[in-house]
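Visitor:
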Amino acid sequence: MDKEIREDIPVRELIRWAAEARKKAYAPYSGYMVGAAVLTNELRIYTGCNIENASYAATICAERTAIGKAVSEGRRGFKAIAIVGSPKGEVVSQYSFPCGICRQAMREFSNPKTMVVIVARSEEDYKLYRLEELLPDSFGPDNLR
Ligand code: THU
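Residue 132 is where the sequence shown ends in our numbering, and the numbering goes up by one at each step.
(1) Please tell me whether, using a cut-off of 7 angstroms, the distance from the CB of THR46 to the nearest non-hydrogen atom of the ligand THU is below it.
(2) Just to confirm, does GLU50 get its C-beta within under 7 angstroms of one of the non-hydrogen atoms of the ligand THU?
(3) For GLY72, which residues of its own chain have a beta-carbon under 6 angstroms away from its beta-carbon, when the five flanking residues on both sides are left out?
(4) Should the region 89 to 102 be called in touch with the region 116 to 123, which here means at least 3 C-beta pairs below 8 angstroms?
(5) Less than 8 angstroms separating the beta-carbons of ALA69 and ALA24?
(6) Just to confirm the assignment, what range does the beta strand (DSSP E) spanning ARG117 have?
What follows is the structure in structure tokens.
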């Protein structure tokens, strides 16, 4: 799967954009900084960071910031997303997986069998998944047709 994905998806470029977006994270409460970069079907890239709030539940994750930016610019189909997250002030030392709500947000605008989720520590050190692996047996727009 890895080889097949690499030929189709600009993995390193997406990771680079996600790492750059992470620098803009607004995370004064958790100190946990996340960046994401989503690749649309038109091969456009949109980035996002987590945006926390004094009313904690109003926090938005990096993935949904990126997805919201893409959708609000008229993009409704995604091929891949890269995520880079780690505590502030540290070299990125962990693989930061998308939360359940973000997995569902990805599901809304992608085919879970083909959508690629890249969880990265660096451009050389990352894990690749199909969304279906991270969100099996999902509920989606088709259920409501
Ligand atoms: N966070 C994300 O940005 N994406 C995720 O998928 C998991 C969590 C953020 C939200 C919050 O600002 C911080 O990480 C700690 O939960």
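Glycine residues also receive a C-beta, built at the ideal position from the N, C-alpha and C atoms. Owing to the predicted nature of the structure, the values given are computational and were not obtained by experimental measurement.
Guide: This is what the structure gives:
(1) Using a cutoff of 7 angstroms, the CB of THR46 counts as near the ligand THU, since one of the ligand's heavy atoms is closer than that.
(2) Yes; taking the cut-off as 7 angstroms, the Cβ of GLU50 has a heavy atom of the ligand THU nearer than that.
(3) Excluding residues within five positions, the ones whose Cβ falls inside 6 angstroms are VAL21 and SER83.
(4) Proximity of the region 89 to 102 to the region 116 to 123 meets the contact definition, three or more beta-carbon pairs being nearer than 8 angstroms.
(5) Yes; because the gap between Cβ atoms is below 8 angstroms, this pair is in contact.
(6) Per DSSP, the continuous beta strand (DSSP E) segment holding ARG117 begins and ends at 113 to 117.
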